[in-house]
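Data first, discussion second: the structure below is written as structure tokens.
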Amino acid sequence: MATAKEKNKLTFTIDALSVAREGRLIFEGLSTALQEGEILIFTGSNGSGKTTLLRTLAGFIPPYAGTVHFDDISIHDNPDIFRTQLALSGHQNGMKAALTLRKNLKIFSETSLGIRADDQNIEAAANALNLKELLDDEVFYFSAGQAHRAALAKLPLSGKKIWLMDEPTVGLDSTNRKNLTKIMQDHLKNKGLILVTTHEDLGIDGHQICLDSYAPTSHKKGGAHA
Amino acid sequence: MRKSIVFWALLKRDIVLAYTQGGSAGVVIAFFMITLVLYPFGVGPDPIILANISVGVIWVTALLSCLLSLDRLFQMDREDGSLDDVMMSPLSLEMSVLAKTIAHWVATILPIIILAPLLASLLNMPQESYGMLLLSLAIGTPALSFIGAIGAALTLTIKRGSALVALLILPLYIPTLIFGVGAVSATTNDQNALPHLLLLGAVSLLSMLISPIASASAIKMAQE
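In order, the protein sequence lines correspond to chains D and U. Position one of the first sequence corresponds to residue 152 (the numbering used here), numbered consecutively onward. Position one of the second sequence corresponds to residue 418 (the numbering used here), numbered consecutively onward.
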């Protein structure tokens with residue numbers, strides 16, 4: 152505890168993490184750490200446990216073995232404190248189809264952060280992902296790519312320190328990939344931490360970890376990539 | 418401060434969503450009205466028979482109407498992913514469940530209570546019982562939402578789980594049904610309705626205490 156406090160940068164530490172689903176190990180022995188302003192990129196084949204890892208880091212899935220700490224807080228002992236620090240962007244967009252994007256972002260801000268967002272913040276977040284024209288349209292009419300961008304807009308709006316992003320590039324065109332790279336770089340500049348899973352090049356340099364090399368020893372998938 | 422913003426925003430959001438496209442409040446209210454209108458056709462127009470069965474019929478229909486909307490209570494949020502966002506809010510999941518359940522009661526059950534005297538007149542219920550019908554529904558129905566929330570949370574991972582919710586929940590509605598009907602019958606027969614109302618209130622309060630804790634732990638398991 153004392154040694155970690157001496158550093159002035161907040162550190163996110165994963166120590167010997169193993170995760171099992173329905174009694175079957177998905178990956179084991181994952182250890183890594185990252186600090187403010189750093190990004191960690193998880194790659195790996197389908198089923199290697201990328202989404203499971205992010206949901207474990209978000210505190211939804213208890214680990215089979217190992218620990219995860221942020222600033223000395225054990226996330227699985229204190230999921231409620233920890234979760235207020237992080238934002239998760241997954242495969243579902245968390246949007247109510249019947250409401251407009253503006254209303255959705257407002258509700259997100261109130262129900263997930265407990266902050267009454269003003270229009271300025273909402274417009275800035277939407278702008279960052281090229282959604283300004285769509286703010287007053289119902290999410291029902293959005294294409295898959297637009298809905299995904301809407302979900303990504305929640306990250307800068309949340310103002311949270313740690314972003315967990317599950318394949319953020321899915322369904323994005325080249326312009327919006329650049330926008331995505333931009334918001335991620337801005338977040339890192341503001342001392343944020345990003346843990347991201349992807350199959351594609353994000354255009355950001357960072358430490359890469361291939362989950363295939365942490366597959367359980369009993370059925371390791373054809374050779375380590377890392 | 419942040420926690421109270423989350424609480425009220427969730428409450429407001431769910432009430433609004435119940436009346437927008439995909440929401441269940443309109444369906445529930447229509448179901449309640451149509452089902453009660455069917456009884457005179459099925460039982461026959463004898464006013465004495467209708468008057469005798471009116472209280473029980475209204476209460477049972479209220480239970481079934483409530484059941485109709487329960488599978489959506491958490492399922493919609495799980496499907497679109499907003500349940501994850503809610504679980505990451507500064508408010509504890511137990512309190513979020515409380516907000517959502519209160520919203521369910523306000524949006525779907527409260528309109529049923531308001532309509533009950535109107536439909537009671539179709540069933541020839543004695544007019545002096547209307548007040549007690551309203552009072553017993555107001556005191557008793559929160560238990561329907563709260564107990565129902567537990568069933569909805571337990572069946573969260575099951576697609577089309579509404580039939581299972583019915584099996585899990587309907588037996589637990591029996592105390593509410595007995596004391597609710599008992600209170601109105603007592604008034605009709607010039608007896609003291611207070612014991613029934615007190616027991617009805619006890620069931621509601623107890624379920625309000627247990628439900629958020631039980632539902633929250635079921636949701637946590639479902640979201641693993």
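Glycine is no exception: its CB is placed at the ideal position from the N, C-alpha and C atoms.
For residue i, which residues from the same chain have a beta carbon less than 7 Å from its beta carbon, with the 5 sequence-adjacent residues on both sides left out?
| i | result |
| --- | --- |
| Tyr-590 (chain U) | Leu-480, Leu-561 and Ile-564 |
| Ala-603 (chain U) | Asn-609, Ala-610 and His-613 |
| Glu-328 (chain D) | The sequence shown places Arg at residue 328 (chain D), not Glu. The residues are Thr-320. |
| Tyr-547 (chain U) | Pro-534 and Ala-537 |
Ignore the nearest five residues each way along the sequence and tell me which others in residue i's own chain have a CB closer than 8 Å to its CB.
| i | result |
| --- | --- |
| Ala-153 (chain D) | Per-residue confidence for Ala-153 (chain D) stands at a pLDDT of 40, beneath the threshold of 50, marking its modelled position as unreliable; the derived number appears in the next sentence. So the list is empty, once near-sequence residues are dropped. |
| Pro-457 (chain U) | Leu-467, Leu-539 and Leu-540 |
| Ile-575 (chain U) | Leu-581 |
| Glu-274 (chain D) | Lys-283 and Leu-286 |
| Ile-586 (chain U) | Leu-484, Leu-487, Ile-564, Gly-565, Ile-567 and Gly-568 |
Can you tell me which of the three DSSP states residue i falls into?
| i | result |
| --- | --- |
| Ile-232 (chain D) | helix |
| His-148 (chain D) | Residue 148 (chain D) is absent from the structure shown; chain D starts at 152 and stops at 377. |
| Arg-206 (chain D) | helix |
| Lys-372 (chain D) | Caution is warranted here: a pLDDT of 45 is assigned to Lys-372 (chain D), below 50, making its placement in the model unreliable, and the coordinate value is therefore given only provisionally. DSSP places Lys-372 (chain D) in coil when its eight states are reduced to three. |
| Ala-304 (chain D) | helix |
| Lys-156 (chain D) | For Lys-156 (chain D), the predicted model reports a pLDDT of 43, less than 50, meaning its position is unreliable; a value from the coordinates is still stated below. Three-state result, Lys-156 (chain D): helix. |
| Ile-224 (chain D) | strand |
| Gly-180 (chain D) | strand |
| Leu-453 (chain U) | helix |
| Met-542 (chain U) | coil |
| Gly-200 (chain D) | coil |
| Ile-564 (chain U) | helix |
| Phe-643 (chain U) | With chain U covering 418 to 641 only, the question about residue 643 (chain U) has no answer from this structure. |
| Ala-435 (chain U) | helix |
| Ile-275 (chain D) | Here the sequence assigns Ala to residue 275 (chain D), which means Ile is not the residue at that position. It is helical. |
| Ile-212 (chain D) | coil |
| Lys-329 (chain D) | helix |
| Leu-584 (chain U) | helix |
| Arg-267 (chain D) | coil |
For residue i, list the residues DSSP reports as bridge partners.
| i | result |
| --- | --- |
| Gln-186 (chain D) | D:Thr-162 |
| Asp-317 (chain D) | D:Thr-348 |
| Leu-191 (chain D) | D:Leu-346 and D:His-358 |
| Thr-218 (chain D) | D:Asp-166 |
| Glu-289 (chain D) | D:Thr-251 |
| Gly-175 (chain D) | The question names Gly, yet the displayed sequence has Arg at residue 175 (chain D). Note: Arg-175 (chain D) sits in a beta bridge opposite D:Arg-172. |
| Ser-240 (chain D) | D:Met-316 |
Any C-beta of chain U sitting closer than 8 Å to the C-beta of residue i?
| i | result |
| --- | --- |
| Lys-329 (chain D) | no |
| Glu-157 (chain D) | With a pLDDT of only 45 at Glu-157 (chain D), under the threshold of 50, the placement of this residue in the model should not be trusted; the figure read from the coordinates follows. It does not; no Cβ of chain U falls within 8 Å. |
| Asn-272 (chain D) | no |
| Thr-262 (chain D) | yes |
| Lys-312 (chain D) | no |
| Phe-293 (chain D) | no |
| Leu-303 (chain D) | no |
| Lys-160 (chain D) | no |
| Gly-245 (chain D) | yes |
Any beta-carbon of chain D closer than 8 Å to the one on residue i?
| i | result |
| --- | --- |
| Gln-438 (chain U) | yes |
| Met-505 (chain U) | yes |
| Lys-420 (chain U) | yes |
| Gln-492 (chain U) | no |
| Ser-499 (chain U) | yes |
| Val-423 (chain U) | yes |
| Glu-511 (chain U) | no |
| Ala-479 (chain U) | no |
| Arg-430 (chain U) | yes |
| Asp-488 (chain U) | no |
| Ala-435 (chain U) | no |
| Ala-633 (chain U) | no |
| Asp-607 (chain U) | no |
What distance in whole Å lies between the Cβ atoms of residue j and residue i, which are believed to be in contact at a cut-off of 8 Å?
| i | j | result |
| --- | --- | --- |
| Asn-296 (chain D) | Asp-324 (chain D) | Before going on, a small fix: residue 296 (chain D) reads as Gly here, not Asn. Correct: roughly 7 Å between the Cβ atoms. |
| Glu-289 (chain D) | Ala-238 (chain D) | At roughly 24 Å, the Cβ-Cβ gap does not stay under 8 Å, so Glu-289 (chain D) and Ala-238 (chain D) are not in contact. |
| Asp-502 (chain U) | Thr-251 (chain D) | At roughly 17 Å, the Cβ-Cβ gap does not stay under 8 Å, so Asp-502 (chain U) and Thr-251 (chain D) are not in contact. |
| Ile-630 (chain U) | Glu-511 (chain U) | 6 Å |
| Ser-553 (chain U) | Ala-600 (chain U) | 4 Å |
| Arg-234 (chain D) | Gly-210 (chain D) | 6 Å |
| Ile-407 (chain D) | Val-347 (chain D) | Only positions 152 to 377 of chain D appear in this structure, which leaves residue 407 (chain D) out of reach. |
| Leu-344 (chain D) | Phe-193 (chain D) | That belief does not hold up - the Cβ atoms of Leu-344 (chain D) and Phe-193 (chain D) are roughly 14 Å apart, past 8 Å. |
With a threshold of 6 Å on Cβ separation, who are the neighbours of residue i within its own chain once the five nearest residues in sequence on each side are excluded?
| i | result |
| --- | --- |
| Ala-276 (chain D) | Ala-304, Pro-307 and Leu-308 |
| Gly-473 (chain U) | Val-598 |
| Lys-372 (chain D) | Its pLDDT being 45, under 50, Lys-372 (chain D) is placed unreliably by the model, and nothing is read from it. |
| Ser-441 (chain U) | Ser-486 and Arg-489 |
| Asp-431 (chain U) | Lys-517 and Ala-520 |
| Ser-579 (chain U) | Asp-488 |
Can we count residue i as close to the ligand NAD, meaning its CB is less than 7 Å from some heavy atom?
| i | result |
| --- | --- |
| Gly-557 (chain U) | With respect to the ligand NAD, the structure shown offers nothing to examine, as it has no ligands at all. |
Does residue i come within less than 8 Å of chain A when only Cβ atoms are used?
| i | result |
| --- | --- |
| Ile-212 (chain D) | Any reference to chain A falls outside this structure, whose protein chains are D and U. |
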